[in-house]
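Here the structure is laid out as structure tokens; the discussion comes afterwards.
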Amino acid sequence: MKKIISLILLFIICLGIIFCLQKIPFGAAKTKVGNYYIDNGREETGAANIVTSVVLNYRGFDTLGEVTILFLAAMGLGTVLATLQKKDKRQIEQASLILKTGCRFLFPLILLFGAYIFFHGHLTPGGGFQGGAIIASAFLLVYLGCRGRKINETGSKLTESIGGLVFLIMGLIGLTLGGHYFLSNFIPKGEINTLFSAGIIPIIYIAIGLKVGSELTGIIDNLMEKS
Amino acid sequence: MIIIVSLLVVIMLTAAVSAIFFKDLLNAVIAACMVSLIASVLFYLLQAPDVAMAEASIGAALVAAIFIIAISKTKRHEE
Numbered sequence: 001m002k003k004i005i006s007l008i009l010l011f012i013i014c015l016g017i018i019f020c021l022q023k024i025p026f027g028a029a030k031t032k033v034g035n036y037y038i039d040n041g042r043e044e045t046g047a048a049n050i051v052t053s054v055v056l057n058y059r060g061f062d063t064l065g066e067v068t069i070l071f072l073a074a075m076g077l078g079t080v081l082a083t084l085q086k087k088d089k090r091q092i093e094q095a096s097l098i099l100k101t102g103c104r105f106l107f108p109l110i111l112l113f114g115a116y117i118f119f120h121g122h123l124t125p126g127g128g129f130q131g132g133a134i135i136a137s138a139f140l141l142v143y144l145g146c147r148g149r150k151i152n153e154t155g156s157k158l159t160e161s162i163g164g165l166v167f168l169i170m171g172l173i174g175l176t177l178g179g180h181y182f183l184s185n186f187i188p189k190g191e192i193n194t195l196f197s198a199g200i201i202p203i204i205y206i207a208i209g210l211k212v213g214s215e216l217t218g219i220i221d222n223l224m225e226k227s
Numbered sequence: 001m002i003i004i005v006s007l008l009v010v011i012m013l014t015a016a017v018s019a020i021f022f023k024d025l026l027n028a029v030i031a032a033c034m035v036s037l038i039a040s041v042l043f044y045l046l047q048a049p050d051v052a053m054a055e056a057s058i059g060a061a062l063v064a065a066i067f068i069i070a071i072s073k074t075k076r077h078e079e
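Line by line, the protein sequences give chains R and H.
Counting from 1, one number per residue, gives the positions in the first sequence under our numbering.
Counting from 1, one number per residue, gives the positions in the second sequence under our numbering.
Given below as structure tokens:
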């Protein structure tokens, strides 16, 4: 009996969703704002990558919210794990020589790749979040391969705070000097498709990359060492 | 193109369903990680390389690592 009732309910919900979705034209442009970005984004922001120009210029305030959410998640995890008692130390099993050497060889290359991705965020696909996650995966490799090595916690916290502060201060300077809105571009845009172009976008993406990288590394550090 | 995409979607659905039914949680994590990996390939094929990068680095690498750390601190098999 219960199953039949739940099946009928499921059927009614399915019908409702189908009727709702039929009203929406699939694949058709629903707003005009997307075409505006594609037509005018390059000239207005100076960034060759349109996704970056939307993420950091037209919708820069949303990015600040995303960064804040990540910060809160990392801080919450640290708070929860700080109350736990550390268990008795298990014997750390050292990895083999091949694994250790491989990790040491790959670590700087992965760091370089992550830095490349967020330095070139306004030219090629990618940006601060992606580059930061790649940097954190380099630290994860070191944590897994060379047990016993730790990051410098003060340095990582300092990097994180400086990244967040740079983002906020650039936004506030734009608010006062530039076009009367948060994160307006007050640095000359330069020539499109060169490394030093797009005004404040590269500076903010470098700040976001360092912040996200150190935050995710902190999460991994908390999970591996403190629990 | 459409054949490759539909093949990838079928593999992705199989991995997603098998992630639910695995009793060994390590296998389930690897199946969930496979879903993310194929999703990132699909994003790339549908011309969204920015999202593909984020999905591959966060969904496939970091989330799987965090789940595996959690499994190593708790139990491996579901009862």
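C-beta atoms are modelled at their ideal positions from N, C-alpha and C, and glycine is treated no differently.
Asked	Found
Which residues in the same chain as Gly148 of chain R place their Cβ atom closer than 7 Å to its Cβ, once the five residues preceding and following it in sequence are excluded?	Ile92
With 8 Å as the C-beta to C-beta threshold (strictly closer), list the residues of the region 53–64 of chain H near chain R in chain order.	Met53, Ala54, Ser57, Ile58, Ala61, Leu62
Check distances from the C-beta atoms of the region 21–53 of chain H to those of chain R and list, in chain order, the residues that come in under 9 Å.	Ala48, Pro49, Asp50, Val51, Ala52, Met53
Would you decide whether Pro25 of chain R is buried or exposed? Buried here means 16 or more other CB atoms lie within 10 Å of its CB.	exposed
Using 8 Å as the threshold, is the region 1–8 of chain H in touch with the region 71–87 of chain R, meaning 3 or more CB pairs across them?	no
With 7 Å as the C-beta to C-beta threshold (strictly closer), list the residues of the region 38–70 of chain R near chain H in chain order.	Val51
Should Ile2 of chain H be flagged as near chain R, meaning a C-beta pair shorter than 8 Å?	no
What does the Cβ neighbour count give for Gly190 of chain R, buried or exposed, with the cut at 16 atoms within 10 Å?	exposed
Just tell me which of H:Glu79, H:Met53, H:Asp24, H:Ala64 has its CA closest to the CA of Gly121 of chain R.	H:Met53
At the 8 Å Cβ level, is Phe129 of chain R part of the contact set with chain H, yes or no?	yes
Would a C-beta distance cut-off of 8 Å place Leu216 of chain R and Ala133 of chain R closer than the cut-off?	yes
What are the partner residues of His77 of chain H, as DSSP defines its beta bridges?	H:Asp24
Output yes if chain R places a C-beta closer than 8 Å to the C-beta of Ile66 of chain H; else output no.	yes
Does the beta carbon of Ser137 of chain R come closer than 8 Å to any beta carbon on chain H?	yes
Please decide whether Leu223 of chain R counts as near chain H, where near means a Cβ-Cβ distance under 8 Å.	yes
Where do the N-terminal and C-terminal ends of the alpha helix (DSSP H) with Leu123 of chain R fall, by residue?	Neither: Leu123 of chain R is in no alpha helix (DSSP H) and is coded neither H nor E.
Helix, strand or coil for Ala198 of chain R? Go by DSSP, reduced to three states.	coil
Is it buried or exposed, Gln130 of chain R, if we count other Cβ atoms within 10 angstroms and call 16 or more buried?	buried
Label Val33 of chain R either buried or exposed according to how many other C-beta atoms from any shown protein chain fall within 10 Å of its C-beta, with 16 as the threshold for buried.	exposed
Compute the Euclidean distance between the alpha carbons of Ile50 of chain R and Asn57 of chain R, then round it to the nearest angstrom.	10 Å
Excluding sequence positions up to five away, which residues of its chain have a Cβ less than 8 Å from the Cβ of Val67 of chain R?	Gly164, Phe167, Ile208, Lys211, Val212
Using a Cβ cut-off of 7 Å, pull out every chain H residue sitting near Gly126 of chain R, in sequence order please.	Asp50, Met53
So which residues on chain R does Ile69 of chain H lean against when the C-beta distance must stay under 9 Å?	Ile220, Leu223, Met224, Ser227
What residues of chain H sit near Ala133 of chain R, judged by a beta carbon separation below 8 Å?	Ala54, Ser57, Ile58, Ala61, Leu62
Where does Glu191 of chain R fall in DSSP's three states?	coil
Buried or exposed: where does Asn185 of chain R fall if 16 or more other Cβ atoms within 10 Å of its Cβ makes it buried?	buried
Out of R:Ala28, R:Ile200, R:Gly128, point me to the one whose CA is closest to Pro188 of chain R's CA.	R:Ile200
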